[in-house]
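> The opening residue of the sequence shown carries number 87 in the numbering used here; numbering runs sequentially from there.
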Amino acid sequence: MAWDSLVAECLASAQEPCEQVEDAEVYRPESDQGDSADESSAGTSSSQDGPEAWWVTLLEKHTKEYHYPSPRSSSLTLVSGCSGMLAEAFALQELGFSVEVVSVSEKQERCLDIIRANFCVRHTFKDMLEQCALKPADSQHSNGSDHDHAEGARVAVCGTVCAPYSVQRVKRFSGGSVKSHLAHALTAEGLVEWLGRVSPEAGVCENVMGWDMPLDVSTSETPLGLSPDTV
87 MAWDSLVAEC
97 LASAQEPCEQ
107 VEDAEVYRPE
117 SDQGDSADES
127 SAGTSSSQDG
137 PEAWWVTLLE
147 KHTKEYHYPS
157 PRSSSLTLVS
167 GCSGMLAEAF
177 ALQELGFSVE
187 VVSVSEKQER
197 CLDIIRANFC
207 VRHTFKDMLE
217 QCALKPADSQ
227 HSNGSDHDHA
237 EGARVAVCGT
247 VCAPYSVQRV
257 KRFSGGSVKS
267 HLAHALTAEG
277 LVEWLGRVSP
287 EAGVCENVMG
297 WDMPLDVSTS
307 ETPLGLSPDT
317 V
């Protein structure tokens, strides 16, 4: 099977649960016990109009027993660093939050086009280093002062370089393979600097399978567990 055909088949398969949940929501009677106060308080998304995304329904179902408190506010300020097409903002919206995007860093112009088409972004940057330096990459898309992009961010999400840690890389677990990779310092040091500059209430880092696995066969230390002074 060609790769394009395989990708199309996987996407179609992944879409089926979402469509099934949406169909069920259309036909579900208002008297359904699923509308009880206990279940509606399991998350914030129940207040949204229209069908929920399938994963929101599953998330609420599987976290109900933990009795997480309702969020203090339905509004979030977000700083995004090289996370692609700002998928985290769409996810937060599905959970019932109103998202204010303070700044994003992204090298791909097409990704930025999608972001700008869906969100009003105060500042855009070419990469996380520029984001740390407070120098907007494109002033025509900056809607605020040069120093407000890192102030008061409640959530920060970044997509760091994955290549050094991926289990798909040849000789990933060979001695010194991770630390000698050219992109390792960018993730290990740059991520710490970025989080320190943004200082969010909550930070999320996206990476690949292998980031929490041993550096090599001689140690149990992982890239995730490295401190900045050991990089």
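Ideal placement from N, C-alpha and C gives every residue a C-beta, glycine not left out.
Looking at the unbroken beta strand (DSSP E) that takes in H209, where does it start and where does it end?
Mapped onto the sequence shown, residue 209 falls at position 123. It spans 207-211 - the beta strand (DSSP E) in which H209 sits, taken as one unbroken run.
> Could you tell me whether the Cβ atoms of V284 and G167 are closer together than 9 angstroms?
The count along the sequence shown starts at 1 and reaches residue 284 at position 198. The count along the sequence shown starts at 1 and reaches residue 167 at position 81. Contact flag set, yes.
> Ignore the nearest five residues each way along the sequence and tell me which others in V290's own chain have a CB closer than 6 angstroms to its CB.
Counting from one through the sequence shown, the residue named residue 290 turns up at place 204. Correct list, in chain order: V243.
> Pick helix, strand or coil for L301, following the three-state DSSP scheme.
If you number the sequence shown from 1, residue 301 lands on position 215. Reduced to three states, the DSSP call for L301 is coil.
> Hey, could you find the ends of the beta strand (DSSP E) C197 is sitting in?
On the sequence shown, residue 197 is found 111 positions in, with the first residue counted as 1. Where C197 is concerned, there is no enclosing beta strand (DSSP E), although the alpha helix (DSSP H) it sits in stretches over 195-204.
> Mapping the DSSP letters down to three states, classify E186 as helix, strand or coil.
If you number the sequence shown from 1, residue 186 lands on position 100. Residue state for E186 is assigned as strand, using DSSP reduced to three classes.
> Between V142 and L181, what straight-line distance do the alpha-carbon atoms span, to the nearest angstrom?
Numbered from its first residue, the sequence shown carries residue 142 at position 56. Numbered from its first residue, the sequence shown carries residue 181 at position 95. Taking the straight line joining both Cα atoms gives about 7 angstroms.
> Express the C-alpha separation of K265 and V303 in angstroms, rounding to a whole number.
Locating residue 303 in the sequence shown gives position 217, counting from the first residue. Locating residue 265 in the sequence shown gives position 179, counting from the first residue. Rounded to whole angstroms, V303 to K265 spans 13 angstroms at the Cα level.
> Please say whether L164 and L178 have beta carbons closer to each other than 9 angstroms?
Indexing the sequence shown from 1 puts residue 178 at position 92. Indexing the sequence shown from 1 puts residue 164 at position 78. Result yes, Cβ atoms of L178 and L164 sit closer than 9 angstroms.
> With a threshold of 6 angstroms on Cβ separation, who are the neighbours of C248 within its own chain once the five nearest residues in sequence on each side are excluded?
By one-based count along the sequence shown, residue 248 stands at place 162. Around C248: N293, V294.
> Can you tell me where the beta strand (DSSP E) with V264 in it begins and where it stops?
Taking the sequence shown and counting its residues from 1, the one referred to as residue 264 is at position 178. Taken as a continuous stretch (DSSP letters only), V264 belongs to no beta strand (DSSP E), as it is neither H nor E.
> What does the alpha-carbon distance come out to for the pair C96 and K193?
Along the sequence shown, read from residue 1 onward, the residue named residue 96 stands at position 10. Along the sequence shown, read from residue 1 onward, the residue named residue 193 stands at position 107. Their backbone Cα atoms lie some 27 angstroms apart in a straight line.
> Please report how far the alpha carbon of C251 lies from the alpha carbon of S189, in whole angstroms.
Sequence index remark: in the sequence shown, residue 251 carries index 165 (1-based). Sequence index remark: in the sequence shown, residue 189 carries index 103 (1-based). Note that residue 251 corresponds to Tyr in the displayed sequence, not to Cys. Taking the straight line from one Cα to the other gives about 27 angstroms.
> Give me the Cβ distance between I201 and L172, rounded to the nearest whole Å; I'm assuming they're in contact under 8 angstroms.
Looking up residue 201 in the sequence shown gives position 115. Looking up residue 172 in the sequence shown gives position 86. With a Cβ gap of about 5 angstroms, I201 and L172 count as contacting.
> Please classify S91 as buried or exposed, where buried requires at least 16 neighbouring CB atoms within 10 angstroms.
Numbered from 1 along the sequence shown, position 5 holds the residue referred to as residue 91. Counting of Cβ neighbours within 10 angstroms places S91 among the exposed residues, the total staying below 16.
> Go through its chain and collect everything with a Cβ distance to G261's Cβ below 8 angstroms, but skip five positions before and after it.
Sequence index remark: in the sequence shown, residue 261 carries index 175 (1-based). Cβ within range, chain order: D302, V303, S304.
> Could you please give the first and the last residue of the uninterrupted beta strand (DSSP E) stretch that includes G245?
Mapped onto the sequence shown, residue 245 falls at position 159. 241-245 is the span of the beta strand (DSSP E), which, as asked, contains G245.
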